[in-house]
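Read through the structure below, which is laid out as structure tokens, and then see the notes.
See the structure below:
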């Protein structure tokens, strides 16, 4: 997915133009996590050379530590997972119970982004203590750790829209959203998508060669940027005042579901189906970014860590 400089939007979440895509941005005051009607405008970020991600050559993100990557369960659907396949198996085994926890090692600062492009294949991404993006994959067994370089300061997000295709996203030290992809033969370099991002990276794909990215801006609103197969859109504000996010999923072509944590610690939901909905509260008391996934039409599963440090699950069927 080579992107010419002319195709890259130069607007940012704090000073961007709305309505550059399928809908104009609509910000709703009532019945939403939104406390103020519009985001403040600030100067566009100017990137310097030291902001650019760079390649790392270290052999692994670190030894066994308290911050190891630990997985359990099974893939919940395209783009997001909470688990790993059993060791020595060519494909996940259908069971009626959750597995135990499996330690995948490493010394991880942020994580986890997980995607799958085929049955029995898992790709896991974390940010190491060197701030680089690290990759470990499962295909009949777990690989060693692979450094993909970069200087990131947020949890990564990953999605696959075709066999042997992976797209990874993270927020750089310059507060911009950065993108790196695998095309079946090699990894690309890092591509800046601009923006002034606070965190909460989420990504989803509802069709081949389609990407929808979501971040929380420095104005605490949810922002959206998409790839339509030819070029990137500008940034679109979806409003809200969000404490955490973003979980994103799609169960049909042209359908998007986004989940954030509001200032009331509840999970809030906004969806796109020909137009953006109002914000909907799903309740709960959540302390970390939610994750979302869909494994069938009209099905969405949301997982989040509650204020009691337990993992909670809510679904729409």
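In the numbering used here, the protein residues as written are 205 to 521. All C-beta atoms, glycine included, are put in the ideal place defined by N, C-alpha and C. Every value quoted in this text rests on a predicted model; they were computed, and no experiment measured them.
Under the three-state reduction of DSSP output, residue 352 falls in the coil class, being neither helix nor strand. Fewer than three Cβ pairs drawn from the region 459 to 473 and the region 431 to 441 lie within less than 8 Å of each other, which leaves the two stretches out of contact. Pairing residue 419 with residue 433 gives a Cβ-Cβ distance that is not under 8 Å. When DSSP states are grouped into helix, strand and coil, residue 430 belongs to the strand group. Under a 10 Å Cβ-count criterion, residue 412 is classified as exposed, with fewer than 16 other Cβ atoms of the shown protein chains found around its own Cβ. Here residue 300 is exposed: its Cβ has fewer than 16 other Cβ atoms, across all protein chains shown, within 10 Å.
Residue state for residue 334 is assigned as coil, using DSSP reduced to three classes. Residue pairing of residue 328 in beta bridges, as defined by DSSP: 318 and 340.
With a threshold of 16 other beta carbon atoms within 10 Å, residue 336 meets it and is buried. Residue 330 is positioned such that its CB atom lies no closer than 8 Å to that of residue 321. Annotated three-state conformation of residue 303 is coil, per DSSP.
Residue state for residue 407 is assigned as strand, using DSSP reduced to three classes.
The count of Cβ pairs closer than 8 Å, one atom from the region 386 to 395 and one from the region 365 to 377, reaches three, so the stretches are in contact. DSSP places residue 495 inside the beta strand (DSSP E), whose first and last residues are 495 to 497. By DSSP's assignment, residue 459 forms a beta bridge with 477. Under DSSP, the beta-bridge partners assigned to residue 506 are 496 and 518. Nearest neighbour of residue 384 by Cα position, chosen from 317, 333, 422 and 437, turns out to be 317. Distance between residue 333 and residue 499, taken at the CA atoms: about 33 Å. Residue 379 is classed as buried because its beta carbon has at least 16 other beta carbons within 10 Å across all chains shown.
CA-CA distance, residue 479 to residue 491, rounds to 29 Å. DSSP, reduced to helix, strand and coil, places residue 464 within a strand of the structure shown. Taking C-alpha positions only, residue 483 is separated from residue 402 by approximately 20 Å. In this structure, residue 397 lies away from residue 374, with their beta-carbon atoms at least 8 Å apart. Judged by DSSP in its simplified three-state form, residue 345 adopts coil rather than helix or strand. Residue 435 carries a coil assignment under DSSP once its states are collapsed to helix, strand and coil. Beyond the five residues adjoining it in sequence on each side, residue 487 comes within less than 6 Å, by CB distance, of 470 in the same chain, given in chain order. Using a 10 angstroms sphere on the CB of residue 352, the tally of other CB atoms reaches 16 or more, which defines it as buried. For residue 450, the uninterrupted beta strand (DSSP E) segment begins and ends at 446 to 453.
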